[in-house]
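Chains as they are written, first to last, in the numbering used here: chain E, 11 to 148; chain Y, 11 to 148.
Don't be surprised by glycine CBs; every beta carbon is placed ideally from N, CA and C.
Protein chains: 2
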Amino acid sequence: MTDTTPRRSTKQREAVREALSASDEFVSAQALHQALRQDGSTVGLATVYRALAALAADGEADALQAGGEVLYRACTPTHHHHLICRSCGRTVELEAAAVEQWAGRVAAAHGFVEPEHVVDIFGLCAECAARRAADDAR
Amino acid sequence: MTDTTPRRSTKQREAVREALSASDEFVSAQALHQALRQDGSTVGLATVYRALAALAADGEADALQAGGEVLYRACTPTHHHHLICRSCGRTVELEAAAVEQWAGRVAAAHGFVEPEHVVDIFGLCAECAARRAADDAR
DNA sequence: GTGCTGTTGAGAACGATTGTCAATTTCGCC
DNA sequence: GGCGAAATTGACAATCGTTCTCAACAGCAC
Ligand SMILES: [Zn+2]
Ligand SMILES: [Zn+2]
Ligand SMILES: [Zn+2]
Ligand SMILES: [Zn+2]
Chain E
11 MTDTTPRRST
21 KQREAVREAL
31 SASDEFVSAQ
41 ALHQALRQDG
51 STVGLATVYR
61 ALAALAADGE
71 ADALQAGGEV
81 LYRACTPTHH
91 HHLICRSCGR
101 TVELEAAAVE
111 QWAGRVAAAH
121 GFVEPEHVVD
131 IFGLCAECAA
141 RRAADDAR
Chain Y
11 MTDTTPRRST
21 KQREAVREAL
31 SASDEFVSAQ
41 ALHQALRQDG
51 STVGLATVYR
61 ALAALAADGE
71 ADALQAGGEV
81 LYRACTPTHH
91 HHLICRSCGR
101 TVELEAAAVE
111 QWAGRVAAAH
121 GFVEPEHVVD
131 IFGLCAECAA
141 RRAADDAR
């Protein structure tokens with residue numbers, strides 16, 4: 011993009027970056043804010059939102075929409091997708107050159123330019139599936 | 011699914027179904043509501059939301075989240091994905107057995123069960139790309 | 001028609017996110 | 001080390017899409 015991104019380093023941004031890295035699941039801005047306050051930080055909610063948006067814009071975090079809210083996760087800087095447990099949030103990063111190529115090919119075939127794609131898989135991880143099976147058996 | 015879906019046929023639901031079919035793009039509940047009022051209908055906004063949710067649940071419509079809101083579209087009843095113009099909303103339905111298999115295979119490989127997936131491609135359709143090029147040239 | 005129950009519409013309520021703005025902080029520069 | 005312009009912050013209000021509440025209403029079986 012047209013990189014007009016002046017960015018200044020502050021305690022708050024660092025705190026958010028760290029808190030985000032501390033979790034290997036996708037988390038909401040609100041959850042991250044609460045976690046930060048819990049740890050004694052005094053960051054404002056708006057600042058957490060701003061910091062996360064900046065991290066996502068800089069490619070330091072991945073964002074995805076789920077259930078009406080946006081979730082963030084510190085991620086590998088290279089392009090990839092996710093396999094996410096819809097119960098516990100456990101996340102696996104996926105790389106699939108075949109899917110990337112398919113997306114580009116399909117877009118081009120229909121005359122579309124500047125293609126972007128959303129590819130995510132949701133499911134129940136083995137642990138959560140086992141737990142649920144146990145619960146179902148009363 | 012556990013099909014506990016009592017459903018009664020009403021003018022409003024029919025009106026929403028028709029209005030949705032009338033558009034071959036993805037539309038928001040709000041937009042559909044305005045369109046219906048424009049045509050003299052007196053449906054309430056809440057009813058449009060409820061009708062769309064029901065259609066989606068019955069598999070008569072596809073729903074996707076984009077830009078903080080949920081968009082709906084009357085779609086082919088078989089499983090498929092979409093290529094969407096992020097400017098005009100023009101939509102192409104896509105079928106890609108390879109992607110389906112990849113998703114299932116990847117989920118299984120990581121021990122995940124009940125996999126669902128979100129696969130959408132966004133871009134600029136040829137027309138919108140041309141229009142934007144013209145605009146850029148003042 | 002009668003009755004039971006799902007449905008509707010208006011408006012309030014809600015939760016996530018963004019905007020506002022004065023006070024504070026960063027950072028290049030003297 | 002101190003200055004000053006410009007970016008950033010935090011508390012709060014405001015906005016947005018969506019859901020809830022509830023009394024009036026309309027399908028549908030009898
Ligand atoms: Zn899990
Ligand atoms: Zn990709
Ligand atoms: Zn277009
Ligand atoms: Zn699919």
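- When DSSP states are grouped into helix, strand and coil, E:Val-26 belongs to the helix group.
- In the three-state scheme derived from DSSP, where H, G and I count as helix and E and B as strand, E:Glu-103 is classed as strand.
- Distances from the alpha-carbon of E:Ala-113 to those of Y:Gly-50, Y:Leu-42, Y:Gln-44, Y:Leu-104 put Y:Leu-104 closest.
- For Y:Ala-113, the chain E residues whose C-beta falls within less than 8 Å of its own C-beta are Ile-131, listed in chain order.
- Taking the Cα of Y:Thr-86 as reference, the smallest distance to any Cα among Y:Asp-34, Y:Pro-125, Y:Val-53 is reached at Y:Asp-34.
- Look at Y:Val-116: its C-beta is under 8 Å from a C-beta on chain E.
- Under the three-state reduction of DSSP output, Y:Ser-19 falls in the coil class, being neither helix nor strand.
- The C-beta of E:Glu-124 comes closer than 8 Å to at least one C-beta of chain Y.
- Per DSSP, the unbroken alpha helix (DSSP H) holding Y:Arg-141 starts and ends at 136-146.
- Counting along the chain, Y:His-91 sits inside the beta strand (DSSP E) bounded by residues 91-95.
- If only uninterrupted alpha helix (DSSP H) runs of at least 4 residues are considered, those enclosed by the region 46-91 of chain E are 55-67.
- Here Y:Val-80 is not near Y:His-92, since their CB atoms are 8 Å or more apart.
- The Cβ atoms of E:Ala-39 and E:Tyr-59 sit closer than 8 Å to each other.
- In the three-state reduction of the DSSP assignment, Y:Ser-31 falls in the helix class.
- Not one heavy atom of ligand 2 sits closer than 7 Å to the Cβ of Y:His-91.
- Sorting E:Arg-100, E:Val-109, E:Gly-121 by C-alpha distance to the C-alpha of E:Val-128 places E:Val-109 at the top.
- Under the three-pair Cβ rule at 8 Å, the region 65-78 of chain E does not count as touching the region 43-56 of chain E.
- For the set Y:Ala-84, Y:Ala-45, Y:Cys-138, the Cα lying nearest the Cα of E:Gly-121 is the one of Y:Cys-138.
- Interface criterion not met: the Cβ of E:Gln-44 is under 8 Å from no Cβ in chain Y.
- For Y:His-120, the secondary structure class from DSSP, reduced to helix, strand or coil, is coil.
- Between Y:Glu-126 and E:Leu-134, the C-beta spacing is not below 8 Å.
- By the CB criterion at 8 Å, E:Ala-61 and E:Val-37 fall outside the cutoff.
- The beta carbon of Y:Gln-40 sits no closer than 8 Å to any beta carbon of chain E.
- Across the set Y:Arg-23, Y:Val-116, Y:Arg-115, the C-alpha of Y:Arg-23 shows the shortest separation from the C-alpha of Y:Leu-46.
- With respect to chain E, the C-beta atom of Y:Val-102 has a partner C-beta closer than 8 Å.
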